[in-house]
Amino acid sequence: MEKSVCLLFQGTGPHPSHRNFGDAVDATYRHFETGCPPKDGENQDKHSELDRIRTGWSLSSHYDLVIAEGTAALQTLVSYKWLSNRMATTVFLAADETFFNIRDKPTRFLWHGLKPVTNTVDLCISISQLVNTWIKPFLPNVPCQVVHPTTTAEKYNKLSAIEASSPKDPFRLLSVGDVRKMKNYPTLVRAVESVNEGLSQDITLTILGEGHQQQPYASKSFISTPGRVSESDFATYFDRSSAYIQPSMGDGFGVAALEGMLAGLPTIVTELVGMKQLLDDRWVFDPTTNGLRTGIKNMIRNTPRRPHPTRSAESASQPVILSRVTGTVLP
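Position in the sequence shown (from 1) plus 2 gives the number in our numbering.
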């Protein structure tokens with residue numbers, strides 16, 4: 003008998019990587035605060051705990067498996083388990099930095115106090131081992147499986163087709179991410195500026211994502227901020243680049259860094275980026291100006307671009323792991 007699966011998403015719709023997870027198990031998508039499906043890119047977030055409880059209570063009680071995308075949706079998931087369907091298998095898709103961010107904040111006491119309730123979740127899918135370490139103090143009794151997210155099929159095909167060779171002069175750095183404090187882009191800009199002051203060659207930095215055009219660093223001569231680009235143009239920026247860098251001071255995984263590796267780009271990340279475990283320690287640095295500057299200098303001294311040793315088709319098969327992990331309830 004086919005099982006009924008629901009994935010509770012945030013914002014405008016499930017993250018593309020999380021949609022890969024949901025599609026792999028034929029999930030129905032419902033917003034965690036409104037209970038509605040995605041609405042043409044409309045952000046349905048209300049930031050209301052009451053709406054999360056109401057949605058958990060009002061969702062169909064016929065779902066066999068319910069997945070919560072991110073920590074905010076965890077509240078809806080627990081409400082569903084307690085108020086609507088005690089027989090459903092509940093899965094927390096741990097995919098954000100919430101539990102990392104609240105370590106030293108008063109809200110941590112609330113989450114610790116909720117352990118008797120949140121520990122009734124049946125399973126946790128963590129997008130990296132780093133995220134797993136963040137959530138363990140708050141969900142110590144929930145069994146957890148680490149499953150890395152993936153790029154989209156279109157991006158995979160375009161990026162894997164890139165010929166891995168590129169000139170070192172000018173040296174073109176690429177990074178992808180919207181403007182958020184945890185993405186740490188002002189620090190990256192300072193690091194690139196510092197490296198440029200000590201070298202004769204030019205180093206440019208292209209940052210893809212929303213909001214950068216309005217930032218003070220956008221006017222610097224070595225910075226390019228095209229905004230958010232279409233998937234058809236996305237690979238072009240990787241093809242033109244010499245290396246990829248993810249400067250985050252808290253990033254659950256970092257799919258864009260994985261995409262850089264897929265394109266054959268030497269890739270630098272910080273120690274607070276979840277996908278760091280896929281890289282040699284030589285390319286993992288502190289999320290500071292000095293740390294990023296050291297990483298960039300090391301990369302410039304490296305040989306011209308070539309395929310990364312972990313570049314493979316492995317990432318394309320990751321979504322099926324969710325089916326195996328939840329095999330007790332799925333056909």
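Even for Gly, the Cβ is constructed at its ideal location relative to N, Cα and C.
Kindly indicate which three-state DSSP category residue i falls into: helix, strand or coil?
| i | result |
| --- | --- |
| Gly201 | It is worth fixing the name first, because residue 201 is Leu in this sequence and not Gly. Of the three classes helix, strand and coil, the one that applies to Leu201 here is coil, per DSSP. |
| Ile302 | helix |
| Ile129 | coil |
| Thr73 | helix |
| Leu67 | strand |
| Ser81 | helix |
| Leu140 | Note that residue 140 corresponds to Phe in the displayed sequence, not to Leu. Phe140: coil per DSSP, three-state reduction. |
| Ile55 | helix |
| Ala97 | coil |
| Val122 | The question names Val, but residue 122 is Thr in the sequence shown. Thr122: coil per DSSP, three-state reduction. |
| Val191 | helix |
| Thr91 | strand |
| Thr296 | helix |
| Thr152 | coil |
| Thr135 | helix |
| Pro18 | helix |
Measure the alpha-carbon distance for residue i versus residue j and round it to whole angstroms.
| i | j | result |
| --- | --- | --- |
| Gly13 | Ala220 | 27 Å |
| Pro145 | Thr109 | 23 Å |
| Gln216 | Arg88 | 48 Å |
| Leu175 | Arg192 | 14 Å |
| Glu71 | Val93 | 9 Å |
| Asp42 | Met263 | 31 Å |
| Trp59 | Tyr65 | 13 Å |
| Thr272 | Val286 | 5 Å |
| Thr152 | Ala259 | 11 Å |
| Thr30 | Phe23 | 12 Å |
| Gln248 | Pro16 | 22 Å |
| Asp288 | Asp282 | 14 Å |
| Ala26 | Ala265 | 24 Å |
| Thr269 | Asp204 | 19 Å |
| Asn186 | Ser63 | 42 Å |
| Ala237 | Lys160 | 6 Å |
| Leu52 | Leu95 | 21 Å |
| Asn304 | Gly229 | 29 Å |
| Val119 | Val80 | 7 Å |
| Ile225 | Thr206 | 6 Å |
| Arg284 | Leu61 | 48 Å |
Between which two residues does the beta strand (DSSP E) harbouring residue i extend?
| i | result |
| --- | --- |
| Gln147 | 146-148 |
| Val178 | 173-178 |
| Thr30 | 30-33 |
| Val7 | 7-11 |
Considering just the uninterrupted stretch of the alpha helix (DSSP H) at residue i, what are its terminal residues?
| i | result |
| --- | --- |
| Tyr1 | Residue 1 is absent from the model: the chain starts at 3 and stops at 333. |
| Leu61 | It is not in any alpha helix (DSSP H) - Leu61 carries neither H nor E in the DSSP assignment. |
| Leu112 | 109-115 |
| Gly43 | From DSSP, Gly43 is part of no alpha helix (DSSP H); its letter is neither H nor E. |
- Curious, which full-length beta strand (DSSP E) runs of at least 3 residues does the segment 219-293 contain? 225-229, 245-248, 269-272
- Is the number of C-beta pairs between the segment 272-279 and the segment 193-213 that are closer than 8 Å three or more? no
- Query: Okay, do the segment 288-306 and the segment 188-198 touch, 3+ Cβ pairs below 8 Å being the bar?
  - Reply: yes
- Do the segment 88-101 and the segment 109-127 touch if we need at least three Cβ pairs shorter than 8 Å? yes
- Can you find at least 3 beta carbon pairs, one from the segment 208-227 and one from the segment 137-156, that sit closer than 8 Å? no
- Query: Are at least three pairs of beta-carbons, each pair with one atom in the segment 241-258 and one in the segment 129-137, less than 8 Å apart?
  - Reply: yes
- Query: Any contact of the segment 40-50 with the segment 82-96, i.e. 3+ C-beta pairs under 8 Å?
  - Reply: no
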